[in-house]
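All the letters of the sequence shown, read from the start, carry residue numbers 0 to 73 under numbering that gives the first Met the number 0.
Working notes for the structure below.
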Amino acid sequence: MDPQRLKDAYQKLQSLDERMTHKVRPARGGAMVRPTPEQLEVAMRDLANYTLELKEVVQELFLAIASKPAAPGS
């Protein structure tokens, strides 16, 4: 396992969470209002971006787990 690569992947996950989770999480207790087509398009775009970035982070985590540690000094 490459600890530096694992740390980098974790930091990417934290960044994704801070930037995007509030956009894709449903509002709690909010009024159930029918969204406009434009609002749906924006929500779908946000969800697609979140999904793709999350896929990249998971892939990086697998690679970090499967990799050997980087050589010292590199």
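Every residue, glycine too, gets a C-beta built ideally from N, C-alpha and C.
All of these numbers come straight from a predicted model, not from anything done at the bench.
{"Check": "Extent of the continuous alpha helix (DSSP H) to which residue 18 belongs", "Outcome": "2-23"}
{"Check": "Residue 69 to residue 47 span [Cα, whole Å]", "Outcome": "33 Å"}
{"Check": "Stretch-stretch touch, CB-based, cutoff 8 Å, three pairs: the stretch 34-45 with the stretch 3-16", "Outcome": "no"}
{"Check": "8 Å Cβ cutoff met for residue 147 and residue 8", "Outcome": "Residue 147 cannot be examined here, being either before or after the span of the chain that is shown, 0 to 73."}
{"Check": "Residue 18 versus 33, 50, 58, residue with shortest Cα-Cα distance", "Outcome": "50"}
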